[in-house]
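Here is the structure we will look at, set down as structure tokens.
Residue numbers (this note's numbering), protein chains in the order written: chain A, 10 to 309; chain B, 10 to 438.
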């Protein structure tokens, strides 16, 4: 006889599975954004659980900046092969070559992902796009719905959000419009790590601490690789670091860490005093409203 | 090579329970300060968030760091110094994980309050000890009772500004208790606090020895929520049919859904509505294996012993405990649309459990003044933030229960079919 208790992770999992199923049952052409980062890995895991023993009934898509950690791309391809899901790649490099977008002078391709994403959504006529964003990441996200309506231009209008009551999600759209769906909305960074530990989910090695050659830029540690080259006079030194987020390799920094297992990462995350994005993302430091502005343009 | 998740189980903390609570309040009642303190004292607030808030506050010349900056996420909110939407906040203690739905308190944001309260296990209402109960406090309490939030906490804040005076607290306590008696509030706790000074927020205050109750955080950690779920009436709205179409699972047919209420076990007799056919549960499955029983809020896949025609929008229940099956729906409706009012004879789409139907407004019986609870029977429409009792006729029967008995099968949303916006929320009475 059980006491019908449900742990918070089990409740979050049940909510996410419900959301995946609602979209699959009511939207015409869903797609799951999959980068090989930890949140999208958890999303793929949840999608598998939601439809088991049937396969995931929608493809996954990677908006590929061409500036990724090699280990992450290897992982992406291997995980996709295991799952048997269809992978679509929307290439930012290809979009630059075609003249859809222009390479920004600072070399980071985060912002120009948006037109590439929107073009791919239009091409494949996706009406529901799953993203792994969480509300604890950033304060504009804290106000976004789980089912977030985007107009013909992919834009988010914070003042025109659909009220979201109970678990009654409104995913209705006209052709050309989309719903961005965030099944991990109510998860925190710690929840994601605990779930990874609980479920034994495999991750790319960049998430675990290792000795890496780094440069220090404004207090952030960037590992030297084919995207991050030391500038003249810049000191290169060895530090034991891991990545808390894995975005564009040109602007994702690592954090000093001794954690080589999920359990050790959980212990570090529980004790940390800096937010995930604050510690590791050069792109969010631009302004108070950087994320809100990018979302209004159609960013995830 | 890729590292497998080598989770050392000994380092994983004990599983904790989830509690969702809604706060409502205006700029000056100390709500932001209270949330800021809960986040700060549970070490949820990060240094870079704090630094950013301090920098903005200092730049504006504020006398003290404005904790509202933490919760106001949108540019227009910061510019106007107001909260316009529901913001979700998270913090955890070893006992529980908390989700705060933080909503603005003014009457023009009634829809946000209703939204926040719809999923809340607990509602937190703040009053300023110097001012006592105001119209807004009564309105919040009424909305929370309408939405059947099972637990309520009234925080009598700014006790430091009334000299931690017991009489002041007692007066507010009595006044609110008298008011609450007229509402349906199953569980009420009233706590004297100072969010600014931290009295009775995380630990018991030495400044108020006359108060014998728990601190706010202690109450949030301990309040008994396990019994709030309806474990009696089996209701399983089918989300979709799982059919793998593979050689291994050629004959597999399972019904995916989240248990809305009740406890289901393999071997139980079940009825499929609206068809009325009965069969038994063959198994209850998840990706991790079969379950001996399923209960809310688990998402599972149910397999039945007989091949029946079951599809999305149908519901499994027990033959001797069925929901109402009706096309005539009586509901309290909160209107949420600024563009067009709810009109008599208006036609709308309804989403109820996993069912989509259409409905026509047959009658608007009255509009309820949510400050005075006065009923105005002369109205012919409901405007933004107005609440009224409405009769609907649906194109297909709803499989529903009274909201007061079952939040999952008693609530619905109203959608404008022309532009797909969610324009209202309904509570079946």
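From the three backbone atoms N, C-alpha and C, an ideal C-beta is built for every residue, glycine too. What you are looking at is a predicted structure, and each value in this text was computed from that prediction instead of being measured.
Segment limits, beta strand (DSSP E) that includes residue i
i, result
"residue 306 of chain A", "Per DSSP, residue 306 of chain A belongs to no beta strand (DSSP E) and is neither H nor E."
"residue 291 of chain B", "287-295"
"residue 140 of chain B", "Looking at the DSSP string, residue 140 of chain B is not in any beta strand (DSSP E), and its letter there is neither H nor E."
"residue 187 of chain A", "187-190"
"residue 126 of chain A", "From DSSP, residue 126 of chain A is part of no beta strand (DSSP E) but of the alpha helix (DSSP H) over 122-133."
"residue 139 of chain A", "137-139"
DSSP-derived helix/strand/coil call for residue i
i, result
"residue 427 of chain B", "coil"
"residue 152 of chain A", "helix"
"residue 267 of chain A", "coil"
"residue 63 of chain B", "helix"
"residue 104 of chain B", "coil"
"residue 82 of chain A", "helix"
"residue 15 of chain B", "Reliability fails at residue 15 of chain B, whose pLDDT of 37 lies under 50, so the model's placement of it is uncertain and no value is given."
"residue 246 of chain B", "strand"
"residue 10 of chain A", "Low per-residue confidence applies at residue 10 of chain A: pLDDT is 46, beneath 50, and the placement is therefore not dependable, though the value from the model is reported in the following sentence. Note: residue 10 of chain A maps to coil in three-state DSSP."
"residue 185 of chain B", "helix"
"residue 158 of chain A", "strand"
"residue 255 of chain A", "coil"
"residue 96 of chain B", "strand"
"residue 433 of chain B", "strand"
"residue 416 of chain B", "helix"
"residue 238 of chain A", "coil"
"residue 167 of chain A", "helix"
"residue 10 of chain B", "Model confidence at residue 10 of chain B stands at a pLDDT of 36, short of 50, so the residue's coordinates are unreliable and nothing is read from them."
"residue 168 of chain B", "helix"
"residue 21 of chain B", "Its pLDDT being 41, under 50, residue 21 of chain B is placed unreliably by the model, and nothing is read from it."
Residue burial classification, residue i (beta-carbon count within 10 angstroms, cutoff 16)
i, result
"residue 140 of chain B", "exposed"
"residue 263 of chain A", "buried"
"residue 114 of chain A", "exposed"
"residue 272 of chain A", "buried"
"residue 307 of chain A", "buried"
"residue 303 of chain A", "buried"
"residue 344 of chain B", "buried"
"residue 119 of chain A", "buried"
"residue 318 of chain A", "Beyond the ends of chain A as shown, which are 10 and 309, falls residue 318 of chain A; an answer cannot be given."
"residue 255 of chain B", "exposed"
"residue 40 of chain B", "buried"
"residue 29 of chain A", "buried"
Residue(s) in a DSSP beta bridge with residue i
i, result
"residue 339 of chain B", "B:400"
"residue 223 of chain A", "A:232 and A:246"
"residue 204 of chain A", "Bridge partners of residue 204 of chain A: none, in fact."
"residue 112 of chain B", "B:33"
"residue 208 of chain B", "B:203"
"residue 374 of chain B", "BP columns for residue 374 of chain B are empty, so no partner."
"residue 198 of chain B", "B:162"
"residue 267 of chain B", "B:308"
"residue 91 of chain A", "For residue 91 of chain A, which the question treats as bridged, DSSP gives no partner whatsoever."
"residue 361 of chain B", "B:364 and B:421"
"residue 333 of chain B", "B:409"
"residue 302 of chain B", "Answer is none; residue 302 of chain B lacks a bridge partner."
"residue 153 of chain B", "None, per the DSSP bridge assignment."
Residue nearest to residue i in terms of C-alpha spacing, selected from the options
i, options, result
"residue 51 of chain A", "A:183, A:193, A:162 and A:278", "A:193"
"residue 98 of chain B", "B:135, B:123, B:31 and B:38", "B:31"
"residue 127 of chain B", "B:356, B:417, B:372 and B:253", "B:417"
"residue 160 of chain A", "A:220, A:181 and A:149", "A:181"
"residue 420 of chain B", "B:203, B:258, B:338 and B:26", "B:338"
"residue 216 of chain A", "A:129, A:101, A:21 and A:48", "A:48"
"residue 200 of chain A", "A:227, A:157, A:143 and A:171", "A:143"
"residue 247 of chain A", "A:269, A:219 and A:235", "A:219"
"residue 426 of chain B", "B:153, B:369 and B:398", "B:369"
"residue 167 of chain B", "B:388, B:145 and B:136", "B:136"
"residue 247 of chain B", "B:71, B:147 and B:266", "B:266"
"residue 321 of chain B", "B:304, B:249 and B:63", "B:249"
Residue range of the unbroken alpha helix (DSSP H) whose run includes residue i
i, result
"residue 121 of chain B", "119-127"
"residue 308 of chain B", "Unbroken run through residue 308 of chain B is the beta strand (DSSP E), 308-313; no alpha helix (DSSP H)."
"residue 34 of chain A", "17-35"
"residue 100 of chain A", "Taken as a continuous stretch (DSSP letters only), residue 100 of chain A belongs to no alpha helix (DSSP H), being part of the beta strand (DSSP E) at 96-100."
"residue 73 of chain A", "Counting along the chain, residue 73 of chain A falls outside any alpha helix (DSSP H), though it belongs to the beta strand (DSSP E) covering 69-73."
"residue 53 of chain A", "47-60"
"residue 49 of chain B", "40-50"
"residue 225 of chain B", "225-231"
Residues of the segment 34-49 of chain A whose Cβ lies closer than 9 Å to any Cβ of chain D, in chain order: The structure shown contains no chain D; the protein chains it does contain are A and B.
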